[in-house]
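Asks: Quick one: structure below, then a few questions.
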Amino acid sequence: MSKDGAAIEDDPSLKGLGNYDLIEVVKKRWGEKVACISIGPAGEMRLAAASIACTDMEMHPTRHAGRGGVGAVMGSKGVKLIVLDDEGCKVREPKEPEKLKAANKVWVEGLKKHPVTGGGLPNYGTNVLTNIINESGGFPTFNFQRGQFEGASKISGETCAALETQRGGLATHGCHRGCVIQCSGIYNDAKGNYVSKQPEYETVWAHGANCGIDDMDAIALLDRLDDDIGLDTIDMGAAIGVAMEAGLIKFGDKEGAIDLVRQVGKGTPLGRIIGSGAATVAKVFGVERAPVVKGQALPAYDPRAIMGIGVTYATTPMGADHTAGYAIATNILKCGGFVDPLKPEGQIELSRNLQIATAAIDATGMCLFIAFAVLDQPETFQALIDMINAFYGLSLTGDDVTALGKSILKTERDFNKAAGFTKEMDRLPNYFKREAVAPHNVTFQVKDEDLDRVFNW
441 MSKDGAAIED
451 DPSLKGLGNY
461 DLIEVVKKRW
471 GEKVACISIG
481 PAGEMRLAAA
491 SIACTDMEMH
501 PTRHAGRGGV
511 GAVMGSKGVK
521 LIVLDDEGCK
531 VREPKEPEKL
541 KAANKVWVEG
551 LKKHPVTGGG
561 LPNYGTNVLT
571 NIINESGGFP
581 TFNFQRGQFE
591 GASKISGETC
601 AALETQRGGL
611 ATHGCHRGCV
621 IQCSGIYNDA
631 KGNYVSKQPE
641 YETVWAHGAN
651 CGIDDMDAIA
661 LLDRLDDDIG
671 LDTIDMGAAI
681 GVAMEAGLIK
691 FGDKEGAIDL
701 VRQVGKGTPL
711 GRIIGSGAAT
721 VAKVFGVERA
731 PVVKGQALPA
741 YDPRAIMGIG
751 VTYATTPMGA
761 DHTAGYAIAT
771 NILKCGGFVD
781 PLKPEGQIEL
791 SRNLQIATAA
801 IDATGMCLFI
811 AFAVLDQPET
821 FQALIDMINA
831 FYGLSLTGDD
841 VTALGKSILK
851 TERDFNKAAG
861 FTKEMDRLPN
871 YFKREAVAPH
881 NVTFQVKDED
891 LDRVFNW
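The letter at position 261 of the sequence shown is residue 701 when you use the working numbering, and the numbering goes up by one with no holes.
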């Protein structure tokens with residue numbers, strides 16, 4: 441796609457290529473000033489954990505639309521690669537440039553002065569959460585059997601950043617041009633060779649603590665393989681964790697985990713099972729303890745030790761999506777107030793309000809991480825509204841933003857209802873109510889009837 445429009449080409453030679461080899465073909469054919477959206481072999485095989493890769497500033501296929509099996513949808517349409525060339529394209533102009541400039545100044549200052557968006561994230565990336573969540577007792581370990589991992593310090597954001605700096609990589613880096621927060625990085629091996637982007641917190645947890653692996657190099661390689669094959673790292677780590685509980689390999693077997701991911705890329709029978717996600721792996725191998733909601737794997741926070749995120753997991757229309765209402769902000773990081781993560785009181789209202797706000801933020805195209813500053817700084821929230829109004833010539837208010845979020849959620853839930861989803865699907869697996877998790881020895885205590893009123897506004 442370019443300024444001249446879109447052209448569709450049939451190219452069988454691209455079939456079966458991993459995303460990294462695919463981008464090398466792109467460089468030779470279209471140069472290095474384009475952007476790409478692509479799928480790997482997992483998407484071509486239409487596996488449920490398949491992702492869609494987007495290239496970063498270095499033209500590595502490391503930024504993935506990972507959840508929900510979107511890579512399988514792209515594969516079902518026979519689309520392997522979309523090349524975007526913006527040479528000669530005009531930039532959209534704001535309706536009120538001076539107002540946009542003024543609002544943007546307040547906006548950037550707000551992000552830079554907040555301790556999360558201006559400190560923790562740029563210094564250590566999203567993996568800054570590993571030590572924090574492990575200390576809270578909500579770091580799922582051994583397929584959600586425990587809430588703390590003995591090897592957490594070996595795979596923490598602090599450890600990862602030190603390794604990146606030592607090996608000539610980058611501990612602070614933007615995932616795209618113009619990023620203010622700079623929470624990404626570049627991970628090199630012991631010889632200084634590029635392996636992958638800085639593994640995100642969810643990836644470090646999924647392939648790390650969840651599988652009992654405390655080796656950053658192994659986790660970075662697994663991240664690279666997921667990106668190349670085109671797989672969601674959360675679903676893959678959860679699937680391997682279930683496979684470990686089933687006895688296919690032992691917890692902590694990093695070579696075994698690497699082999700399982702490679703089998704997905706090769707399309708072996710076992711690989712296709714693993715690549716279909718945790719729910720499928722559990723069914724095939726008879727494992728009751730499948731950490732999924734609506735078929736999608738739970739992310740890196742135990743809902744028993746952090747009950748607000750448990751409410752979001754259960755009720756978000758997508759299923760087990762931490763980004764839909766990030767209760768960690770308030771339950772653990774104390775952004776926008778504090779709600780005790782170990783008690784059911786206040787969790788419904790917290791998740792409801794965060795889901796509404798998140799739906800609206802997502803609609804703007806902004807990074808979700810801005811929410812930390814927006815929750816704590818009224819002037820930063822206002823700056824966001826001012827920027828939107830200045831760019832589009834609108835007159836939105838805070839109430840309009842809330843109404844937008846509610847409207848989006850209603851549409852999503854209406855879609856689910858038409859697809860046959862019921863309120864009984866807005867639930868966590870029963871074992872979270874039955875099995876207490878150490879070290880707090882708590883179960884998920886939010887009642888079903890309370891989950892049913894999340895969207896009663």
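Even for Gly, the Cβ is constructed at its ideal location relative to N, Cα and C.
Starting from isoleucine 788, trace the alpha helix (DSSP H) both ways and give me its first and last residue.
Replies: 787-804
Asks: Under a Cβ-count criterion, where at least 16 other Cβ atoms within 10 Å of its own Cβ denotes burial, should glutamate 685 be classed as buried or exposed?
Replies: buried
Asks: Using only the alpha-carbon positions, how far apart do alanine 542 and glycine 833 sit?
Replies: 15 Å
Asks: Taking the continuous alpha helix (DSSP H) assigned at leucine 661, which residues delimit it?
Replies: 656-669
Asks: Ends of the alpha helix (DSSP H) at asparagine 459?
Replies: Annotation for asparagine 459: the continuous alpha helix (DSSP H) segment containing it runs 459-470.
Asks: Report the option in Asn771, Asp667, Gly687 whose CA atom is closest to the CA atom of proline 743.
Replies: Asn771
Asks: What residue from Leu521, Ala488, Gly456, Leu454 has the CA that sits closest to alanine 446's CA?
Replies: Leu521
Asks: Below 8 Å CB to CB, which residues in the same chain sit around cysteine 476 once its five sequence neighbours on both sides are set aside?
Replies: The residues are Leu462, Ile463, Val466, Ala493, Cys494, Thr495, Met499, Pro501, Leu521, Ile522, Val523, Leu524.
Asks: Report the CB separation of valine 704 from glycine 711 in whole angstroms; it is logged as a contact under 8 Å.
Replies: 4 Å between Cβ atoms; contact.
Asks: The beta strand (DSSP E) that contains threonine 612, what's its start and end?
Replies: 610-613 is the span of the beta strand (DSSP E), which, as asked, contains threonine 612.
Asks: Taking 8 Å as the cut-off, decide whether the C-beta atoms of alanine 660 and isoleucine 680 are in contact.
Replies: Between alanine 660 and isoleucine 680, the C-beta gap is not smaller than 8 Å, which leaves the two residues out of contact.
Asks: Could you check where the alpha helix (DSSP H) with tyrosine 634 kicks off and where it finishes?
Replies: Run containing tyrosine 634: none in the alpha helix (DSSP H); it sits in the beta strand (DSSP E), 634-637.
Asks: Spatial neighbours of glycine 726 within its chain, please: CB distance less than 8 Å, with the 5 preceding and 5 following residues excluded, ordered by chain position.
Replies: Ala686
Asks: Take tryptophan 547 and list the residues in its own chain whose beta-carbon comes closer than 7 Å to its own, dropping the five residues that flank it on each side.
Replies: Thr820, Ala823, Leu824, Met827
Asks: For a test of your reading of the model: does the CB of alanine 475 fall under 7 Å from any non-hydrogen atom of the ligand NAD? Yes or no.
Replies: Inclusion of the ligand NAD in the displayed structure is not the case, the ligand content being empty and no account of it being possible.
Asks: Count the other CB atoms, across all protein chains shown, that sit within 10 Å of the CB of proline 879; report buried if there are 16 or more and exposed otherwise.
Replies: exposed
Asks: Does the distance from the C-beta atom of serine 791 to that of threonine 842 stay below 8 Å?
Replies: no
Asks: Within a Cβ cutoff of 6 Å, which residues of the same chain sit near arginine 729, ignoring the five residues on either side of it in sequence?
Replies: Annotation for arginine 729: Tyr871 place their beta carbon closer than 6 Å to its own, counting only its chain and skipping 5 residues before and after.
Asks: Please say whether valine 701 and leucine 665 have beta carbons closer to each other than 8 Å?
Replies: yes
Asks: Excluding five sequence neighbours on each side, which residues of the same chain lie with their C-beta closer than 8 Å to the C-beta of phenylalanine 855?
Replies: Pro757
Asks: I'd like the list of long-range same chain contacts for leucine 836, defined as Cβ closer than 7 Å, with 5 residues on each side in sequence excluded.
Replies: Ile825, Ile828, Asn829
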